[in-house]
Amino acid sequence: MIAVRKLTASIGAELAGVDLSEPLAPDDVRAIKDALHENLVVFFRNQKKLEDEQHIRLGRYFGTLDLSEIQPTPTAHREILVLDQVSPKGEGADSWHRDRTYLEAPPMGSVLQCVKRADLGGDTCWASMYAAYDALSAPMQAFIDTLSARHSIEPLARRSRKVSDYLGDRLKDFPSTIHPLVEVHPVTGKKALNVNANWTAEIVGLAKAEGDMLLGFLFDHLKSPEFQVRFNWNEGDIAFWDNRAVQHYAVADYTSRRIMRRVAIVGHKPAGPMDVQPGLAA
Numbered sequence: 201m202i203a204v205r206k207l208t209a210s211i212g213a214e215l216a217g218v219d220l221s222e223p224l225a226p227d228d229v230r231a232i233k234d235a236l237h238e239n240l241v242v243f244f245r246n247q248k249k250l251e252d253e254q255h256i257r258l259g260r261y262f263g264t265l266d267l268s269e270i271q272p273t274p275t276a277h278r279e280i281l282v283l284d285q286v287s288p289k290g291e292g293a294d295s296w297h298r299d300r301t302y303l304e305a306p307p308m309g310s311v312l313q314c315v316k317r318a319d320l321g322g323d324t325c326w327a328s329m330y331a332a333y334d335a336l337s338a339p340m341q342a343f344i345d346t347l348s349a350r351h352s353i354e355p356l357a358r359r360s361r362k363v364s365d366y367l368g369d370r371l372k373d374f375p376s377t378i379h380p381l382v383e384v385h386p387v388t389g390k391k392a393l394n395v396n397a398n399w400t401a402e403i404v405g406l407a408k409a410e411g412d413m414l415l416g417f418l419f420d421h422l423k424s425p426e427f428q429v430r431f432n433w434n435e436g437d438i439a440f441w442d443n444r445a446v447q448h449y450a451v452a453d454y455t456s457r458r459i460m461r462r463v464a465i466v467g468h469k470p471a472g473p474m475d476v477q478p479g480l481a482a
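In this note's numbering, the protein residues as written are 201 to 482.
1. Between which residues of its own chain and serine 295 is the CB-CB distance below 6 angstroms, once the five residues before and five after are set aside?
2. From what residue to what residue does the alpha helix (DSSP H) around glycine 411 run?
3. Compute the Euclidean distance between the alpha carbons of leucine 215 and aspartate 227, then round it to the nearest angstrom.
4. So what does DSSP say about phenylalanine 243, is it helix, strand or coil?
5. Could you give the residue range of the beta strand (DSSP E) that holds leucine 283?
6. Measure the C-alpha to C-alpha separation of leucine 414 and lysine 408 and round it to an integer number of angstroms.
7. So is valine 241 buried or exposed if we call it buried at 16+ other beta carbons inside 10 Å?
8. Which residue's Cα is closest to the Cα of valine 382: Arg444, Cys325 and Ile353?
9. Counting along the chain, where does the beta strand (DSSP E) carrying glycine 159 start and finish?
10. On the three-pair Cβ rule with 8 angstroms, is the region 410-426 touching the region 230-246?
11. Could you spell out where the beta strand (DSSP E) holding glutamate 253 opens and where it closes?
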């Protein structure tokens, strides 16, 4: 039986009593899904290092696996994304972000394992976008419920020379899409703030100065410690997060090699409050 230990009042739980390298029983899959929907990011300590096939099998319990258009390190299986870094500053993960919202259907979530931990540092933080939305005043909630924004890789490419150089001519071929500023979660029906500094380029329908001011406020607002959980990695540890309702930040305070491997799960086009019948999830 899987045991759940909550880590903060708003986000994060450690799950114990399951070996993720082995096939999962249906009850265990349901328990993990329930814990994820309740806590938004769940952690599994002291896990065996997963072989590619085991990692792929684990991710497929929760949906179809995503194939990323960005592959920093080529792998035998496209489903596996390897993050092998020594100097991570400015590479994009050291900023609060939701994964790949420049896509029409961003990933539902990711399952990440620490293969090699940094000698010192290298924590990851996650923040609840439910809590970020709920902490706004009612007039601000009502205003942003009606708005949408364009998401693109442009903001990160402008800010990061490393990213711009890595992508090169491919930048012009990257997708751009419109998403609501507030997403209604398709399972829980809760509202989550849906802007992030890496990908949210502009608010549709507002003058640039107005949109920049609002985005700047929201980018600062979602950083509040009250919305966050911070995780210190050991080798073998696994995190599974709901990309529809959290943002994460990889702390770039290490200078030794750190290797992480992850699979991502195919998601859906976000639905906003204007798209969803009151009282119902999408």
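Heads up, the beta-carbon is just placed ideally off N, CA and C, and yes, glycines get one too.
Judging by the given coordinates:
1. For the purposes of this step, residue 295 is taken as the residue at position 95 of the sequence shown. Cβ within range, chain order: Ala397 and Asn398.
2. For this step, residue 411 is matched to residue 211 along the sequence shown. Start and end: 408-421.
3. Taking the first residue of the sequence shown as 1, we reach residue 215 at position 15. Taking the first residue of the sequence shown as 1, we reach residue 227 at position 27. Whole-angstrom Cα-Cα distance: 14 angstroms.
4. Counting from 1 along the sequence shown, the entry for residue 243 is found at position 43. Looking at phenylalanine 243 - three-state DSSP - the assignment turns out to be strand.
5. Within the sequence shown, the letter at position 83 stands for residue 283. Note, leucine 283: beta strand (DSSP E), 281-285.
6. Position 214 of the sequence shown, counted from the first residue, corresponds to residue 414. Position 208 of the sequence shown, counted from the first residue, corresponds to residue 408. Distance between the alpha carbons of leucine 414 and lysine 408: 10 angstroms.
7. By 1-based counting over the sequence shown, the position of residue 241 is 41. When all chains shown are included, valine 241 counts as buried.
8. Looking up residue 382 in the sequence shown gives position 182. It is Arg444 whose Cα lies nearest to the Cα of valine 382.
9. A question about residue 159 goes unanswered here, because the residues of the chain that appear run from 201 up to 482.
10. Note that the region 410-426 does not touch the region 230-246; fewer than 3 beta-carbon pairs, one per stretch, sit closer than 8 angstroms.
11. As a working mapping, residue 253 is identified with position 53 in the sequence shown. Run containing glutamate 253: none in the beta strand (DSSP E); it sits in the alpha helix (DSSP H), 252-260.
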